[in-house]
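Shown next, in structure tokens, is the structure this report addresses.
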Amino acid sequence: MGFNFTDLILLIGTNPLPNYVTAKYIIDNNPELKNVWLLYSAEDHQRSTKDYADNIKCVLNETAKNFKGEINLIPLTDVENAQTLKNDLNDNLKRELGNRIHLNYTGGTKVMGIFVYEWINSLEVKEKSYSYLSARTFALINPDKDLDYIDLRKEIDIELKDLISLHSYKRLNNDREIFFKAANLYGEWVSYNTDKLFIISDKKENKSLKYFFYSFMANSKLVCEETFNSKKEIFKFYTIEGKLLEINNTLPPNIRFFKTNGEFNTGLEYNPRLQEIIEFFSGVMLEMFIYKLLKDNSKNVYHDWKMKKEGITERFQLDVAWINGYQLIGISCTTSSNKSECKSKAFEVIHRVQQIGGSEAKSILITTMEEEISHHESGVSDIKLLGEELETDLGVGKKILVLGRKDLRKEIFLKKIKEFIK
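Taking the working numbering, the leading residue of the sequence shown gets -13, the next gets one more, and so forth.
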């Protein structure tokens, strides 16, 4: 699709990513472009999309620094009233436009798109053209011309920090670099021992220790309560060995859960990084294993991003995130094989990924479930059953992939991921 228009008009809704992708691609491929116009709803605070318009402009200013034109914001006081909207455009935009105009109507509401389209159609200018960004083909499509299916995931990259910035989110934590060496050792071992993803053995004497770490995954407040101190007395009688001890000893001395001889580190409750240490043994090492598998074979892979939106107390986390061009794939990892617990994790990652990645985003759930047919009446494995339930219950179609223990061998894992993101 060739471009020679001078003015790009975008409609800003509550998903700013398609607007950003469209603007960035056109800026990169249209030397004639003079102005980008971001039309946003200026209604009451809850319905206003001004913040999204501001964020798009801010990120474009960072990623498209060679653009010599202007990025302008145009308020629309009532996007559901045709005459009011057209009055706003006549007063604030008409005199500023050049003679070749392009409207991308991916964002905003359908009503907003219709009204703006009608207004542009009424203008006496040399050239008018239109397009939308397809969430199915990832292509920028001009309905009035032959389709030119260029997958923009191969043309436009966006970093996670910029993606969350579009939604006014900021990262709260830093990378866990101090744990990577131990996680790599775990990854090397578990690649050939996928039946032992949870590194603490099933020996009878390890039951309480394993239960503690398993419980922590469901209740992170364990660190902050008396539960840890009571468990500490039990841990004094433990001596670990084998691969768990080897991984523990790879950690820097100040963050080891156990001493080098395998005995419990009794002074651990005074360590300011106690929660991180327990999180690592409770399942973060599995997240880091998945992260490394992807990182070694792809770019734009991220681990453990805790995020918060300005002015909102709620926080959320992505275990592993991979951005395929501009398509977000969020990955949630759990060492649980319980279908109900896995389903709860899936609900969360699907919601969060769509929240910042839009309808184009996909989700992956990593579990320790088995492929074998379970005892239930359906005659299928829990993995397949859970995937079908999620597709039906949430209406996400083929945008969720559930993987089990045996899928985590490197070759199998990468093959399934590649097929999933096509």
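Cβ coordinates follow ideal geometry from the N, Cα and C atoms, glycine included.
Closest by C-alpha distance to residue i, when choosing among the options
i, options, result
"ILE12", "PHE(-9), SER27, LEU351 and LYS43", "PHE(-9)"
"GLY373", "ASP14, SER345, CYS328 and LYS404", "CYS328"
"PHE124", "ASP143, LYS131, CYS319 and ASN107", "ASP143"
"PRO17", "LEU(-6), TYR6 and VAL306", "LEU(-6)"
"VAL102", "GLY381, ASN90 and ASN257", "ASN90"
"ARG86", "THR35, ILE106, ASN15 and THR70", "ILE106"
"ILE407", "ASN47, GLN313 and LEU230", "GLN313"
"PHE267", "LYS294, LEU230 and GLU296", "LEU230"
"THR49", "GLY84, VAL7 and LEU71", "VAL7"
"LYS417", "ARG391, GLU375 and LYS392", "With the chain represented from -13 up to 408, any question about residue 417 goes unanswered, as that position is not in the structure."
"ASP414", "PRO61, PHE302 and LEU83", "Because residue 414 is not part of the residues shown, which for the chain are -13 to 408, the question remains open."
"GLU300", "SER117, LYS156, ILE100 and LYS222", "LYS156"
"GLY344", "GLY(-12), THR92 and ASN251", "THR92"
"ASP161", "THR95, LYS292, LEU260 and ARG395", "LYS292"
"LYS245", "LEU260, THR225 and GLN261", "THR225"
"ASN159", "GLU377, ASP290 and PHE399", "ASP290"
"ILE369", "LEU380, GLU377, GLU357 and THR378", "GLU357"
"ILE57", "ASN76, LYS72 and LEU(-4)", "LEU(-4)"
Straight-line Cα distance separating residue j from residue i
i, j, result
"GLY409", "ASN1", "Residue 409 is absent from the model: the chain starts at -13 and stops at 408."
"LEU389", "LYS331", "13 angstroms"
"ILE298", "LEU304", "18 angstroms"
"TRP308", "LEU59", "31 angstroms"
"ALA204", "LYS401", "Low confidence applies here, because ALA204 scores a pLDDT of 45, under 50, leaving its location unreliable; read the following figure in that light. Rounded to whole angstroms, ALA204 to LYS401 spans 31 angstroms at the Cα level."
"LYS436", "ARG33", "The chain is shown from -13 up to 408; residue 436 falls before or after that span and cannot be answered."
"GLU397", "VAL22", "45 angstroms"
"LEU3", "LYS140", "16 angstroms"
"ARG81", "LYS404", "49 angstroms"
"GLY311", "LEU138", "7 angstroms"
"LYS325", "ILE42", "40 angstroms"
"ASN47", "LYS285", "23 angstroms"
"SER323", "GLU104", "55 angstroms"
"GLU66", "LEU83", "23 angstroms"
"GLU211", "LYS96", "Residue placement at GLU211 is flagged as unreliable, the pLDDT there being 46, under the threshold of 50; the coordinate-derived value follows with that caveat. Their backbone Cα atoms lie some 51 angstroms apart in a straight line."
"THR70", "GLY94", "16 angstroms"
"ILE386", "GLU377", "7 angstroms"
"GLU273", "GLU265", "11 angstroms"
"ASP188", "VAL176", "Because the pLDDT at ASP188 is just 47, under 50, the model does not fix this residue reliably, and the point stays unresolved."
"LYS51", "VAL339", "28 angstroms"
"GLY269", "SER367", "23 angstroms"
"LEU208", "LEU380", "Reliability fails at LEU208, whose pLDDT of 49 lies under 50, so the model's placement of it is uncertain and the value that follows must be treated cautiously. Approximately 32 angstroms between the Cα atoms of the pair."
"ARG391", "GLU174", "15 angstroms"
"MET355", "LEU260", "29 angstroms"
"ASP77", "ILE136", "36 angstroms"
"GLU219", "PHE302", "33 angstroms"
"PRO129", "ILE100", "15 angstroms"
"LYS72", "LEU79", "10 angstroms"
"LEU371", "VAL382", "15 angstroms"
"TYR256", "LEU394", "36 angstroms"
"LEU126", "PHE399", "31 angstroms"
"LEU172", "PRO238", "Sequence inspection shows Tyr at residue 172; the Leu mentioned does not correspond to that position. One C-alpha to the other measures close to 15 angstroms."
"GLY55", "PRO258", "50 angstroms"
Distance between beta carbons of residue j and residue i, contact taken as under 8 angstroms
i, j, result
"ASN235", "PHE243", "Not really, about 11 angstroms apart at Cβ, beyond 8 angstroms."
"ALA28", "THR63", "6 angstroms"
"ILE241", "ILE342", "Actually they are not in contact, since the Cβ atoms of ILE241 and ILE342 sit about 31 angstroms apart, beyond 8 angstroms."
"THR88", "SER108", "Per the sequence shown, the amino acid found at residue 88 is His instead of Thr. That belief does not hold up - the Cβ atoms of HIS88 and SER108 are roughly 16 angstroms apart, past 8 angstroms."
"PHE(-11)", "ASN15", "6 angstroms"
C-beta neighbour in chain C for residue i, strict 7 angstroms
i, result
"TYR277", "The question asks about chain C, but that chain is absent: this structure has only one protein chain."
7 angstroms Cβ cutoff met for residue i and residue j
i, j, result
"MET271", "ALA169", "yes"
"SER154", "VAL45", "no"
"ALA68", "GLU346", "no"
"ILE276", "VAL306", "yes"
"LEU19", "ILE(-2)", "no"
"GLY248", "GLU232", "no"
"LYS36", "TYR26", "yes"
"TYR288", "LEU146", "yes"
"LYS222", "PHE250", "yes"
> Counting pairs of beta carbons, one from the stretch 281 to 298 and one from the stretch 110 to 119, are three or more of them closer than 8 angstroms?
Replying inline: no
>> Does the stretch 331 to 343 come into contact with the stretch 158 to 174, if we say contact requires no fewer than three beta-carbon pairs (one atom in each stretch) closer than 8 angstroms?
In response: no
> Does the stretch 344 to 356 come close enough to the stretch 311 to 327 that 3 or more CB-CB pairs lie under 8 angstroms?
Replying inline: yes
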